[in-house]
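Asker:
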Amino acid sequence: MTKNLAFVTVVFFLSTLPLPAQTTARQTVPEIQTSPTPAIPTSQPTVMPSPAPAQGVRGDAPARTTYALGPDDQLIIRVADVPDITDKPQRIDPNGDLRLPLVGKVHAAGMTVEALERELTQRLKVYLQEPDVSILLTEFRSQPVSVIGAVGSSGVRQLEGRKSLIELISLAGGLKDDAGPVVRITRRLDVGTIPLPEASIDSVNGFSAVEIRVKPLLDGMTPEKNIIVQPYDVISVPKADVVYVVGEVTRPGVVPLSSGRSVSVLEALASAGGVLRTSDPKKARVLRREAGQDARIDLNVDVQKITQGTAADLRLTAGDILVIPDNTGRRVAVRAIEAAIQMGVIYGTWGVVR
Numbered sequence: 027m028t029k030n031l032a033f034v035t036v037v038f039f040l041s042t043l044p045l046p047a048q049t050t051a052r053q054t055v056p057e058i059q060t061s062p063t064p065a066i067p068t069s070q071p072t073v074m075p076s077p078a079p080a081q082g083v084r085g086d087a088p089a090r091t092t093y094a095l096g097p098d099d100q101l102i103i104r105v106a107d108v109p110d111i112t113d114k115p116q117r118i119d120p121n122g123d124l125r126l127p128l129v130g131k132v133h134a135a136g137m138t139v140e141a142l143e144r145e146l147t148q149r150l151k152v153y154l155q156e157p158d159v160s161i162l163l164t165e166f167r168s169q170p171v172s173v174i175g176a177v178g179s180s181g182v183r184q185l186e187g188r189k190s191l192i193e194l195i196s197l198a199g200g201l202k203d204d205a206g207p208v209v210r211i212t213r214r215l216d217v218g219t220i221p222l223p224e225a226s227i228d229s230v231n232g233f234s235a236v237e238i239r240v241k242p243l244l245d246g247m248t249p250e251k252n253i254i255v256q257p258y259d260v261i262s263v264p265k266a267d268v269v270y271v272v273g274e275v276t277r278p279g280v281v282p283l284s285s286g287r288s289v290s291v292l293e294a295l296a297s298a299g300g301v302l303r304t305s306d307p308k309k310a311r312v313l314r315r316e317a318g319q320d321a322r323i324d325l326n327v328d329v330q331k332i333t334q335g336t337a338a339d340l341r342l343t344a345g346d347i348l349v350i351p352d353n354t355g356r357r358v359a360v361r362a363i364e365a366a367i368q369m370g371v372i373y374g375t376w377g378v379v380r
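Using this note's numbering, the first residue of the sequence shown is number 27, and each one after it goes up by one.
1. Output the boundary residues of the beta strand (DSSP E) element that contains Ser-160.
2. Would you decide whether Ala-321 is buried or exposed? Buried here means 16 or more other CB atoms lie within 10 Å of its CB.
3. Can you give me the start and stop residues for the alpha helix (DSSP H) that Gln-148 sits inside?
4. Taking only three categories from DSSP, how would you classify Gln-330?
5. DSSP state of Arg-90, grouped into three classes?
6. Check each candidate in Gly-178, Leu-191 and Thr-219 and name the one with the smallest Cα separation from Gly-200.
7. Leaving out five residues before and five after Arg-314 in sequence, what residues of the same chain have Cβ atoms less than 7 Å from its Cβ?
8. Cβ of Val-281 within 7 Å of Cβ of Ala-294?
9. Would you kindly work out how many angstroms separate the C-alpha atoms of Lys-241 and Arg-149, rounded to a whole number?
10. Report the option in Gly-136, Glu-140, Val-269 and Ser-172 whose CA atom is closest to the CA atom of Asp-203.
11. Look at the Cβ atom of Asp-339, then the Cβ atom of Ser-288, and state whether they are nearer than 7 Å.
12. By how many angstroms is the C-alpha of Val-255 removed from the C-alpha of Leu-316?
13. With contact counted as at least three CB pairs below 8 Å, one residue from each stretch, are the stretch 129 to 139 and the stretch 89 to 104 in contact?
14. Considering only C-alpha positions, which residue in the set Leu-215, Lys-114 and Ala-205 is nearest to Val-230?
15. For the beta strand (DSSP E) that contains Pro-282, what are its first and last residues?
16. For a test of the three-state rule: what should DSSP assign to Val-173, helix, strand or coil?
17. State the CB to CB distance for the pair Val-329 and Ala-298, rounded to an integer number of angstroms; the pair is presumed to be in contact (CB under 8 Å).
18. In the DSSP assignment, find the alpha helix (DSSP H) that holds Pro-242 and state where it starts and stops.
19. Which residue's Cα is closest to the Cα of Gln-155: Val-182, Val-105, Glu-193 and Thr-164?
20. Who does Ala-235 pair with in a DSSP beta bridge?
21. Spatial neighbours of Ser-69 within its chain, please: C-beta separation below 8 Å, excluding the five flanking residues on both sides.
22. For Ser-262, report the span of its beta strand (DSSP E) as first-last.
23. Would Ile-102 and Thr-147 be called neighbours here (beta carbons separated by less than 7 Å)?
24. If distances are taken between C-alpha atoms only, which option among Asp-99, Thr-304, Leu-222 and Arg-303 comes closest to Lys-251?
25. Throw me the rounded Cβ distance for the Ile-195 and Val-236 pair, which I believe falls under 8 Å.
26. Does DSSP put Pro-307 in a helix, in a strand, or in coil?
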């Protein structure tokens, strides 16, 4: 209240002074700083905030210049001052065409995003002085590739720009432990042939195919085989013939076999890092499925005698399971071991290791 009375008194005093005096006196009164109210332009249209970008290819993504659009791809097209087009999802039809207000039919298949932007900009110049066109690619559906077999996540993926064979395998989760030594690629002839001299061509069924050895490829020894994947390619990584080593060993897991090969019990144990001190190597077992039989036979193997050279080293073939038990005398059922392997788990110290 006292401050308000003081302010009123000052205002009344100033009003009684001549104008020059008022100017001088006002300079002695501190000004109350306030933020100026921004002016609202009347000659320019109000600019609305841009909507949150849809999930897809960002404006600076490499796929804008490399990905060829195709049927069933979805786009968000933005054209300043053309609300009938802006921010409405547009799906490329099975013939590869888009149909847009003002523009009409545009054959988008085969174009990149940037090329389509230029095409729409040119067509809209009939209606707009300086068309401002931007396109967001929100769904890739026109370039499927199948990656199947011994990879982390098999299935159909969509190519998003140029991708090499190694990139596709990586995107599919990489190779599993039981992956075989080769990767097979099959390509439709209407897409093109595989650009490797060893690729075969089946003109009757309309495809070309090739097998590429995995290890030299991943080691960078054969970079020429890291080919660019094309739409509708099928990339298959067959499982290797393997032997399973489970139980009381350092590294329970699989031992891949080269085509037609076998390994001995001691070789398999060496690959698994050897037995643990808690093991009972005298009571090892080999679980083997004979041809035409559903149930496995259970072979007793004395690893201790094999190591001492007083017993023959058994040869293990594809699908055999070498079980090294612990020294407590517990015996794990064959079905339990098989179920664990089928679910992608391996017993280590009779626990479960993924």
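Every residue gets a Cβ at the ideal spot worked out from N, C-alpha and C, and that includes glycine.
Answerer: Once the coordinates are examined:
1. Taking the sequence shown and counting its residues from 1, the one referred to as residue 160 is at position 134. Start and end: 159 to 165.
2. On the sequence shown, position 295 is the one that residue 321 refers to. It is exposed - the Cβ of Ala-321 has fewer than 16 other Cβ atoms within 10 Å.
3. Here the question's residue 148 lines up with position 122 in the sequence shown. Here the alpha helix (DSSP H) through Gln-148 covers 139 to 150.
4. Translated into positions along the sequence shown, residue 330 becomes position 304. Helix.
5. Numbered from 1 along the sequence shown, position 64 holds the residue referred to as residue 90. Helix.
6. Locating residue 200 in the sequence shown gives position 174, where the first residue counts as 1. Of the residues Gly-178, Leu-191 and Thr-219, the one whose Cα lies closest to the Cα of Gly-200 is Gly-178.
7. Within the sequence shown, numbered from 1, the residue matching residue 314 stands at position 288. The residues are Arg-322, Ile-323, Leu-325 and Asp-346.
8. As a first step, residue 281 is located in the sequence shown; it is residue number 255 there, counting from the start. As a first step, residue 294 is located in the sequence shown; it is residue number 268 there, counting from the start. Yes; because the gap between Cβ atoms is below 7 Å, this pair is in contact.
9. Counting from one through the sequence shown, the residue named residue 241 turns up at place 215. Counting from one through the sequence shown, the residue named residue 149 turns up at place 123. The alpha-carbon atoms of Lys-241 and Arg-149 are separated by roughly 52 Å.
10. To locate residue 203, count along the sequence shown from 1; it is residue 177. Nearest C-alpha to Asp-203: Val-269.
11. Locating residue 339 in the sequence shown gives position 313, where the first residue counts as 1. Locating residue 288 in the sequence shown gives position 262, where the first residue counts as 1. Contact: no.
12. Taking the first residue of the sequence shown as position 1, residue 316 is located at position 290. Taking the first residue of the sequence shown as position 1, residue 255 is located at position 229. According to the sequence shown, residue 316 is Glu rather than Leu. Distance between the alpha carbons of Glu-316 and Val-255 is about 40 Å.
13. yes
14. Indexing the sequence shown from 1 puts residue 230 at position 204. Closest by alpha carbon: Leu-215.
15. In the sequence shown, counting from the first residue as 1, residue 282 sits at position 256. It spans 279 to 283 - the beta strand (DSSP E) in which Pro-282 sits, taken as one unbroken run.
16. Taking the sequence shown and counting its residues from 1, one reaches residue 173 at position 147. The answer is strand: DSSP assigns Val-173 an E or B state.
17. To locate residue 329, count along the sequence shown from 1; it is residue 303. To locate residue 298, count along the sequence shown from 1; it is residue 272. Actually they are not in contact, since the Cβ atoms of Val-329 and Ala-298 sit about 12 Å apart, beyond 8 Å.
18. Residue mapping note: residue 242 aligns to position 216 of the sequence shown, counting from 1. According to the DSSP assignment, Pro-242 belongs to the alpha helix (DSSP H) that extends over 240 to 244.
19. Walking along the sequence shown from the start, residue 155 turns up at place 129. That would be Val-105, whose Cα lies nearest to the Cα of Gln-155.
20. Here residue 235 refers to the residue found at position 209 when the sequence shown is read from its first residue. In DSSP, Ala-235 forms a bridge with Thr-212 and Ser-226.
21. Counting from one through the sequence shown, the residue named residue 69 turns up at place 43. For Ser-69, the predicted structure reports a pLDDT of 39, less than 50, and the residue's modelled location is therefore unreliable. The matter cannot be settled from this model.
22. If you number the sequence shown from 1, residue 262 lands on position 236. 260 to 263 is the span of the beta strand (DSSP E), which, as asked, contains Ser-262.
23. Walking along the sequence shown from the start, residue 102 turns up at place 76. Walking along the sequence shown from the start, residue 147 turns up at place 121. Against a cut-off of 7 Å, the Cβ pair of Thr-147 and Ile-102 comes out as no contact.
24. What you label residue 251 is simply residue 225 of the sequence shown in a count that begins at 1. Selected option, being the one with the closest Cα: Leu-222.
25. Reading the sequence shown from its first residue, position 169 is the one you call residue 195. Reading the sequence shown from its first residue, position 210 is the one you call residue 236. Not quite, the Cβ-Cβ distance comes to about 15 Å (not below 8 Å), so this is no contact.
26. Locating residue 307 in the sequence shown gives position 281, where the first residue counts as 1. In the structure shown, Pro-307 sits in a helix (DSSP, three-state: H, G or I).
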